[in-house]
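Following: one structure in structure tokens, then a few remarks.
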Amino acid sequence: AGGGAVRAAVIGSAVAEHAAAMGRHGAATVFTVEGEPFARYNALTYSRALAAIIKAADPSVLLMPASFMGRDLAPRVAIRCHAGLAADCVELELDGAGALVARRPIYNGKAYSKVHFDAGRPAIASVRPNVYPIPEAASATPEISPVSVAAEPGDARQVTREIVRTGGAEKDVTEASIVVSGGRSLKSADNFKMLYELAHVLDGAVGASRAACDAGYQPHSRQVGLTGKTITPQLYIACGISGAIQHLAGMRGSRRIVAINTDKEAPIFKVADYGVVADVFAFLPLLTQEIKRIKSAG
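For reference, each letter of the sequence shown is one residue, going 17 to 314 in the working numbering.
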């Protein structure tokens, strides 16, 4: 928006492939920190590496994902660089002076605040997954600018023994591109297996309404809504969810919404892009079977 160059930072033990990918998605320059000490995420080494990149690149704005790693790293880097930080942003813009203005949810998504940064000082913002689409790939080759950062003895205070990545339906609902959610009408935790199967086929995550979580069908960590998690997936599939206001507040930012419900007057249909008036127990297995068939044929 400001017409400035887009640059990227890549940290790791083998960064060539990832650096090239950043170039294909619009980065003119990619600053890299490479070496065995950076093979696994360590908040101390990574924050020092990113601070070194910021010193070399001198950016006006640094954007990071509001992922598990990004939420851990962003405040550490902000402290090192004496920079302002806005976390979990859902909208970004530049004001007339070229300073960053970030919009972020507060009070569990009940309201939004606008964070105005001062021009001339570095600004850091972590952005929620799926808020902005990834730029289309091009054939551009970026300039690679290595930055030298050495490990320090104090880094041993934190040691990453193992990184366990959850996949498929076990993903966190805030980080999944596709979320399949169920309501209390599913009647039991066992019936949520249908949702997990569909989510697995779609490489998505399973969510639930407050009523379903309160009934014990799913843990509250999967609750979507005003008192749960606010999500912005590319696709949200609501199964047997009526569409209470508190639930809509947590998923209204979804790019596409599909609602499946037997009640054609359910409020969820008012916000849905596509609606299916059907029995979830009959429709969902057929949908999962058809998606499997299409994927196997393709």
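Beta carbons: idealized from backbone N, C-alpha and C, even for Gly.
None of these values were measured; they are calculated from a predicted model.
* How about residue 32 and residue 49: are their beta carbons less than 9 Å apart? -> No; because the gap between Cβ atoms is not below 9 Å, this pair is not in contact.
* Rounded C-alpha distance that separates residue 45 from residue 70 -> Distance between the alpha carbons of residue 45 and residue 70: 13 Å.
* Could you name the residues of the same chain whose beta carbon sits closer than 7 Å to that of residue 210, not counting the 5 residues immediately before and after it, in chain order? => Answer for residue 210: 300 and 301, listed in chain order.
* Asked: Any idea if residue 263 is buried or exposed, counting beta-carbon neighbours within 10 angstroms, 16 or more meaning buried?
  -> With 16 or more other Cβ atoms inside 10 Å of its own Cβ, residue 263 counts as buried.
* **For residue 32, the three-state DSSP class (helix, strand or coil)** => Three-state result, residue 32: helix.
* To do: Report the three-state DSSP secondary structure of residue 239 (helix, strand or coil).
  => Strand at residue 239.
* Selection from 282, 261 and 193 that minimises the alpha carbon distance to residue 247 -> When 282, 261 and 193 are compared, the shortest CA-CA separation from residue 247 is found for 193.
* Does the distance from the C-beta atom of residue 255 to that of residue 314 stay below 9 Å? -> No; because the gap between Cβ atoms is not below 9 Å, this pair is not in contact.
* So is residue 170 buried or exposed if we call it buried at 16+ other beta carbons inside 10 Å? -> Here residue 170 is exposed, its C-beta having fewer than 16 other C-beta atoms within 10 Å.
* Asked: What number of angstroms, rounded off, separates the C-alpha of residue 88 from the C-alpha of residue 59?
  -> Going from the Cα of residue 88 to the Cα of residue 59 covers about 7 Å.
* To do: Determine the direct distance from the alpha carbon of residue 53 to that of residue 158, and round the result to whole angstroms.
  => As the crow flies, the alpha-carbon of residue 158 is around 25 Å from that of residue 53.
* **Extent of the continuous alpha helix (DSSP H) run through residue 67** => Note, residue 67: alpha helix (DSSP H), 59 to 73.
* In terms of residue numbering, what span does the beta strand (DSSP E) encompassing residue 289 cover? -> It is not in any beta strand (DSSP E) - residue 289 carries neither H nor E in the DSSP assignment.
* **Closest by C-alpha distance to residue 103, when choosing among 35, 251 and 92** => Taking only the C-alpha atoms, the option nearest residue 103 is 92.
* To do: Please state whether DSSP places residue 48 in a helix, a strand or coil.
  => DSSP places residue 48 in strand when its eight states are reduced to three.
* residue 313: first and last residue of the uninterrupted beta strand (DSSP E) it sits in -> Note, residue 313: premise wrong, no beta strand (DSSP E); alpha helix (DSSP H) at 296 to 313.
* May I ask you to report which of helix, strand or coil DSSP gives residue 201? => Assignment of residue 201 by DSSP, reduced to helix, strand and coil, places it in the helix class.
* Residue ranges of each beta strand (DSSP E) run of no fewer than 3 residues wholly in the region 114 to 154, ordered along the chain? -> Fully enclosed beta strand (DSSP E) runs of 3 or longer: 116 to 122, 127 to 132 and 139 to 143.
* Asked: Can you tell me whether DSSP reads residue 230 as helix, strand or coil?
  -> DSSP, reduced to helix, strand and coil, places residue 230 within a helical segment of the structure shown.
* Do you know whose CA, among 55, 220, 41 and 20, lies nearest residue 178's CA? -> Proximity to residue 178 across 55, 220, 41 and 20 peaks at 55, based on C-alpha coordinates.
* **Of the listed residues 224, 27, 108 and 212, nearest to residue 200 (C-alpha basis)** => Nearest to residue 200 by C-alpha distance, out of 224, 27, 108 and 212, is 224.
* Within this structure, are the beta carbons of residue 127 and residue 105 separated by less than 9 Å? -> No, these two residues do not count as a Cβ contact at 9 Å.
* **Rounded C-alpha distance that separates residue 303 from residue 111** => For residue 303 and residue 111, the distance between alpha carbons rounds to 46 Å.
* **Identity of the residues DSSP links to residue 277 by a beta bridge** => Residue 277 is bridged to 293.
* **Three-state class that DSSP yields for residue 56 in the structure shown** => Residue 56: coil per DSSP, three-state reduction.
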